[in-house]
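Notes for the one structure printed next.
2 protein chains.
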Amino acid sequence: MSKSIFYHAGCPVCVSAEHDILNLVKDVEVVNIGEDRFRIAEAQKAGIQSVPALVTPNGNVLHINFGASMADVIG
Amino acid sequence: MSKSIFYHAGCPVCVSAEHDILNLVKDVEVVNIGEDRFRIAEAQKAGIQSVPALVTPNGNVLHINFGASMADVIG
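From first to last, the protein sequence lines stand for chains A and B.
Sequential numbering of the first sequence, starting at 1, is according to full-length UniProt numbering.
Sequential numbering of the second sequence, starting at 1, is according to full-length UniProt numbering.
Following this line, the structure appears as structure tokens:
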């Protein structure tokens, strides 16, 4: 894939990071897994342990700051 | 400022994140505070608590994954 995917859960830390990432990185899809819960499994499969996180085009996961653990999001 | 600054300490987590960041973000200055120790104070003043971390052009700090705490770097 050639785009990055930014996963977040709508928390303040996530929103702040999203703002920065969208300014810095091109071709980013933004996914709110707090709302689009069907994409939680996809995020976990990508290796995401906490949000916000950015999955790079080559599949690496960059966990950014710390908003919420996946366990918190899954609830 | 218009560029971002990526601070790291040369650890494997840092090197991997650096590779990703340089691919995704334009105009990034890379600083190895493990080598350029006189820049540790600058990193701390920017709000960096662990490396690797990216300081955005507007001064926000994005802590990325987790390589080492500043306490570990300072030794």
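We put the CB at the ideal spot given by N, CA and C, even for glycine.
All values derive from a computational prediction rather than experimental measurement.
Please list, in chain order, the chain A residues whose beta carbon lies closer than 7 Å to that of Asp20/B.
Within 7 Å Cβ-Cβ: Thr56, Asn60 and Leu62.
Euclidean distance between Cα positions of Ser16/A and Val15/B:
25 Å
On the criterion of 16 or more Cβ atoms from any shown chain inside 10 Å, does Ala41/B qualify as buried, or is it exposed?
exposed
At least three beta-carbon pairs within less than 8 Å, the segment 21-30 of chain A to the segment 22-37 of chain B:
They touch, by the three-pair rule.
I'd like the list of long-range same chain contacts for Ser2/B, defined as Cβ closer than 7 Å, with 5 residues on each side in sequence excluded.
These residues qualify, in order along the chain: Asp27 and Pro57.
May I ask you to report which of helix, strand or coil DSSP gives Ala12/B?
Residue identity differs from the one stated: residue 12/B is Pro in this sequence, not Ala. Pro12/B: helix per DSSP, three-state reduction.
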